[in-house]
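Since the structure comes first, as structure tokens, the remarks are kept for the end.
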Amino acid sequence: MIRFHKLFTPVIFLPILWLSGCGPSHDIQQQHLSDSIAPDGVIYCSEGNPSYLNPQLDTSSTTSDVSSHQIYSRLLDFDEQTGRIQPALASSWLVSSDGLTYTFQLRRNVEFHQTEYFQPTRSFNADDVLFSFDRWINPSHPYHEVNGGSYPYFDSLNLAEKIQSIKRINGYRIEISLFERDSSFLANLATDFAVILSAEYADMLAVDNRQSQIDFYPIGTGPFKFDAYQKNQFIRFLPHLGYWRGVPQSAQLIYDITPSSAIRFAKLVTGECDTIAYPSQAEIDVMRATPNIVVEEEPGLNVGFWAFNTSKPPFDQPIVRRALAMAIDKNSILDAIYFNSASRARSLIPPSSWAYNSSIKEVSYNPIKAKELLNQANIPAGFKMTLWAMPVVRAYNPNAKRMAQLIKNYLAAVDVDVTVVTYDWHAFRDKLSQGEHDSVLIGWSADNGDPDNFYRPLLSCEAIPSGTNRAMWCNTEFNALINAAIRIPDVDLRASLYAKANNIIAHDIPLVPIAHANRYQVKAHSIKGLSINPYGSIRFENVVKAPKVQQIDNQDGRP
Amino acid sequence: MPDTSLYEEEHYPTPLQATWSEFRQRHVAVAGLGILIFFIIMAILGPLLTPFEPTTQHTDAVLLPPAWNDNGSILHILGTDALGRDMLTRLFYGTQITLFSSIITVLVALCFGVILGVIAGMSAGLRSSFINHILDILMLTPTLLIAIIIMAMLGTGLTNAMLAIGLALIPRFVHVTRDFVRQEMSKDYILTAKLDGATSSALFIYNILPNMVERLIVQGTLAISIAILDISALGFLNLGAQTLMPELGVMIADALSTAYIAPWNILLPGLAIFLMVLSVNIVGDGLRSAHRNRMSH
Amino acid sequence: MINTLFRFLNLTFITLCILVVLSFALAYFFPGDTWLNLFGAEFIQDQPTLMLVAEQTNVLMAFWYYIQALLEGEWGVSFATGNALYPEIMRLLPATLELSLYAITIALVLGIPLGFIAGMQYHKKIDNIFMSSSMVMYSFPVFWLALLLILIVSLQAQWLPMSGRLSLLFDIPHRTGFILLDIWLSDVPYKQAALYDALQHLILPTLSVSFIAFAVFLRTTRRSVADVLQTEYIKCAQTRGLPSSTIFFRHVLRNALLPVLPLLALQISTLMTNVMIVETIFSWPGIGDWLIQAIYERDFPAIRAGMLLVAMVVVVMTLSLECLSQMIDPTRDRFAYARH
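Chains as they are written, first to last, in my numbering: chain A, 412 to 970; chain B, 241 to 537; chain C, 5 to 344.
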């Protein structure tokens, strides 16, 4: 069948020839050279759709991850390494001696995004700060009700009520007055949620009566400007060429919306994503073993603990609590429940916070001593107590029921009979706030980098009625310390006060801290400049993707 | 008379026996039949033999690889899935569910198809033309689409999946029946029976049906393989059997989240489906060839 | 010829009518409020004709306005997203069509010639090899095949990507919806790289679908060729001493291809099912993936609209093929479906 060959050969070979012409190394002509090079950029596999492109309106981490550090800047920022507050859009600030007035000097020559839907005519100034704050503080502000009118983070802290006034001193100076001293105020300004919007853009939209666009076609001063969003598919950002910290080095930033964590992982392996969100625990170990994938971990700002109901005897006796704490082996609990994804908690505060002091003396595993102390306190053998285990999965405790079983075994060895109790999450929390428990396995994830966010909701006297103080513990000395600390602006002074508070907790043992769950970041080997941000959502501004050629060199020499 | 034996009986094989002897001559077909019988036995006896239940979670033995792997254990010969459920047990139960639901679906579709086909074949005019049209549309619509509509109306679940696939399979049997009936109606032996005074139904049951059985069997095996593929596909998409059932398609879908870590959870159920379908196809092909050979002799 | 054409148009028209009636009736059969199932929302601003349907008291009048609305592209909105259905479906349809088209083409281009070879070598070694391999090939569950390809080619060897049509780094404006065409028509600076990337994304999904279709086409063609070779006139031609090439090209080729066409037309519906399943596995943004998401979310207006469109496309395609084959060979018995 010779005729077949004559017909088919060119038909088969033509596309092969054409395809082989692709690829940068074989092209000679300049025009073809640029034609065949793929565009550059960083692809992040994210876990879901943001509800708005503005973190003021939503506390969901999905929304913050997309918008907070990409599209916007804040007045202040947290330093990723130390957790200290750094200047951002506010180049410097002063706090009055009575602690009630904050004066911020604003940075000059900060430019807003230039996009198809908005061209700024001026750079950032005090009017933008006023607009961004008034929007959520002032219920009668024209933009307050736009897209819902609820600002969950600020509402939960009642921040609007704490602020007496915001005044524009001049074009680059703002003065904020509070009703009471509050040392966490600056920290709140550095959270993901306190972003600065463009007043000029807001005015432009108001003229056309398209106000709701401000949260869907956003304008900010952040490193990336919004380009496109297709729900369930992707979000595309382009670099902001006038970014005040310098143009980001990624040519584009793309969020590839992939709800399944297994598929995110697969895409990381095939190279379709450069870094991914929320890897699942089971995959971490495999990722560690995969070449070209880097797994970074850091203890997160969270703590899983075992709290005793100190309002119920005999748990009101510190000696009983100390005995029970000594009866359990934290290390084996860490191994069995957390599978290497958490670090042992020595105090309530995790090591990543500046209020952590490593000199804390924690209780060690000593069942014999535990039995002694129980005898001393006249606790009979076979003493019955309940252990409430939360029914939901959290990073700080992925399997409370199983942990409860383990603790039950340990306590059985010191003749304490434990009954494990659980309800569905809603009922569980209700009953806990009624104080029906003897002890409970639960935990806490911080909202911001300020240590007060750990101590106050978990162990202050005022937190008992609001229900977050699971230990029902009220220690006047401790309370005085944390209240004093919040009024002092100086970080080192605060740290020393918190050190004393830590000692009180370690001595009194209202709760036994068990673990600080790690936060993970999994990324391709070629990604540099991306680090775990324990104080907020992900930041892409310094991310650089090393081109493939360079990558080979790196693998030779670098450790 | 070519035959010189006086005392031995003449033995003329029945059509079925003739087909069977033709079938037996093709070794591949017999091998396929062997595999199929193996699966049927596995589906019936397997669940009785295993020490485990398909739904018990052995939390200390999660994601174990099969026993021949270094990390595997002989207790779970084919490993466990992400919740610690034994893979071999689940394969047995899964084969049972998939195989039997396919067979039931095909049998039901066959009955309805034959009845409709007879009506269509024996009648003519507007009624037959209308039935033809509906059937044509049913045959042309993708099975998944029919399944989606049934799911939307009645909800998800294995029985609804079986209903949907049964609906999609009916047209095949209708066509076979109708063509055959039409063809036979013009033949002499039918005429003879009619002249004898046979009623339409007697005509069908005693004259046409026995001749049709073989074709139905051939068509039926083809339909079983399609049913197995479609039921497991619907299970995979979570539109058929739901996640609690150890159905083979559902097992593959469950295994997706640990695909990179434990690929055997995808390989083994899929292999079971593949081998089942392959054996049914081999048997069906063998039957078809045997039938064709018998007809041409 | 005209007769056939007329019959075809008649048949298509009746079928489309039945489909439209069905899509209307499904609004009643699906659970929930009938009008909501029909429209997707209480009131839709830019779909006035559709709104008229709600105002009718007579079912027939409602149906009449429904047909009008369909023709004007007012297909209601989706429960889940609130977006108009017709533009969304038309945006996604080309992706599915593109995948199906490439899969069918590959299956045809490879299946038919190889089927001929197998048929010509009836019951000889090559034929047996082709028969056994094709049987193995079409016994594969399509979703398992796709997953195996991903596991081996994407995850293990990392040769090809496993999701989407194009890397997100490429920003190609949407014009026709056919990705290769859109890249060709666009004026981006990285055209060649984009084409290369799109082809890479196309390979695995197309392979998964065409794998099975190829096996079926091969067997169908082979059976047809074998049947033709048994006929009297071929034997007659052979005894006359005609060279094999003449016999082949003048007699066997055409006569074998003719019965194959309608049988291949039947395969279109199976192919569509496979395409829809493969779309979900590869996150291919087409109608199949969209419909399956719609059933998960119980988005009834979307299901109705999607079903109508897909059924229409499949029916039109299949009936056109039948008409074509009828026109080429008027003697063919149209009802020879099940013989194969």
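Cβ atoms here follow ideal geometry from the backbone N, Cα and C, with glycine treated the same way. Keep in mind that this is a model prediction, so the values were computed, not measured.
{"query": "Beta-carbon proximity of Asn-820/A to Glu-491/A, cut-off 7 angstroms", "result": "no"}
{"query": "Length of the line joining the Cα atoms of Leu-151/C and Ile-285/C", "result": "8 angstroms"}
{"query": "Spatial distance of Ile-307/C from Ala-315/C (CA atoms)", "result": "12 angstroms"}
{"query": "Spatially closest choice to Gln-663/A from Ser-158/C, Trp-294/C and Ser-171/C, by CA coordinates", "result": "Ser-171/C"}
{"query": "Under 8 angstroms by beta carbon: chain C residues contacting Asn-521/B", "result": "Met-139, Tyr-142 and Ser-143"}
{"query": "Where Pro-98/C meets chain A, residues with beta-carbon distance less than 8 angstroms", "result": "Here the premise fails: no neighbours, minimum Cβ distance about 16 angstroms."}
{"query": "Cross-chain neighbours of Met-311/C in chain B, by beta carbon under 8 angstroms", "result": "Leu-385, Ile-388 and Ile-389"}
{"query": "Under the three-state DSSP convention, the category His-927/A falls into", "result": "strand"}
{"query": "Listed by chain order, chain C residues near Ala-322/B by CB distance under 9 angstroms", "result": "Residues of chain C passing the Cβ test: none, with the nearest at roughly 16 angstroms."}
{"query": "Three-state class that DSSP yields for Asn-409/A in the structure shown", "result": "Shown here, chain A extends from 412 to 970; a query on residue 409/A therefore has no answer."}
{"query": "Contacts of Trp-348/C in chain B (Cβ-Cβ under 7 angstroms)", "result": "In this structure chain C extends from 5 to 344, so residue 348/C is not present and cannot be described."}
{"query": "Neighbour flag for Met-331/C against chain B, beta carbons, 7 angstroms", "result": "no"}
{"query": "Sequence-distant residues of the same chain with beta carbon closer than 6 angstroms to Pro-294/B, five excluded per side", "result": "Thr-329, Arg-330, Tyr-333 and Pro-486"}
{"query": "Members of the segment 247-278 of chain C near chain B, C-beta cut-off 9 angstroms", "result": "Ala-269, Leu-270, Ile-272, Ser-273, Thr-274, Leu-275, Met-276, Thr-277 and Asn-278"}
{"query": "7 angstroms Cβ cutoff met for Ala-753/A and Arg-881/A", "result": "no"}
{"query": "Simplified DSSP state of Met-796/A, which is helix, strand or coil", "result": "strand"}
{"query": "Contact with chain B by Val-829/A, beta-carbon distance below 7 angstroms", "result": "no"}
{"query": "Nearest-angstrom Cα separation, counted from Ala-895/A out to Val-902/A", "result": "12 angstroms"}
{"query": "Expected contact under 8 angstroms - CB spacing of Gln-482/B and Gly-406/B to nearest Å", "result": "Not really, about 19 angstroms apart at Cβ, beyond 8 angstroms."}
{"query": "Three-state secondary structure assigned by DSSP to Thr-686/A", "result": "strand"}
{"query": "Partners in chain C for Asp-667/A, counting only beta-carbon separations shorter than 7 angstroms", "result": "Leu-172"}
{"query": "Sequence-distant residues of its chain with Cβ nearer than 6 angstroms to Asn-953/A (five each side left out)", "result": "Gly-940"}
{"query": "Nearest-angstrom beta carbon gap, Val-229/C and Gly-119/C [assumed within contact, 8 angstroms]", "result": "7 angstroms"}
{"query": "The alpha helix (DSSP H) enclosing Asp-614/A, as first and last residue numbers", "result": "610-618"}
{"query": "Collapsed DSSP secondary structure at Ser-672/A in the structure displayed", "result": "helix"}
{"query": "Beta-carbon proximity of Leu-53/C to Ala-29/C, cut-off 7 angstroms", "result": "Correcting the residue identity first, residue 53/C is Thr in this sequence and not Leu. It is not a contact, given that the beta carbons lie outside the stated cut-off."}
{"query": "Pairwise C-alpha distance: Glu-249/B and Ile-374/B", "result": "52 angstroms"}
{"query": "Against chain B: residues of the segment 11-37 of chain C by CB proximity under 9 angstroms", "result": "Leu-15, Ile-18, Thr-19, Ile-22, Leu-23, Leu-26, Leu-30, Phe-33, Phe-34 and Pro-35"}
{"query": "Own chain partners of Pro-634/A with C-beta closer than 6 angstroms, once the 5 adjacent residues on each side are dropped", "result": "His-651, Tyr-654, Pro-659 and Glu-952"}
{"query": "Cβ separation of Tyr-562/A and Gln-467/A, assumed to be a contact under 8 angstroms, to the nearest whole Å", "result": "5 angstroms"}
{"query": "Leu-246/C beta carbon near the ligand FAD (any heavy atom closer than 6 angstroms)", "result": "Absent from the structure shown: the ligand FAD. Ligands present: none."}
{"query": "Integer-rounded CB distance, given that Ile-739/A should sit under 8 angstroms from Ile-818/A", "result": "6 angstroms"}
{"query": "Supposed close pair Leu-409/B, Thr-322/C - CB separation, criterion 8 angstroms", "result": "Not confirmed; about 18 angstroms, so no contact."}
{"query": "Amino acids of chain B, ordered along the chain, whose beta-carbon sits closer than 9 angstroms to that of Ser-752/A", "result": "Under the 9 angstroms cutoff, chain B gives no residues; its nearest Cβ is about 15 angstroms from Ser-752/A."}
{"query": "Ala-811/A versus Asp-828/A, Trp-836/A, Leu-589/A and Lys-795/A, residue with shortest Cα-Cα distance", "result": "Trp-836/A"}
{"query": "Cβ neighbour criterion (16 or more within 10 Å) applied to Glu-102/C", "result": "buried"}
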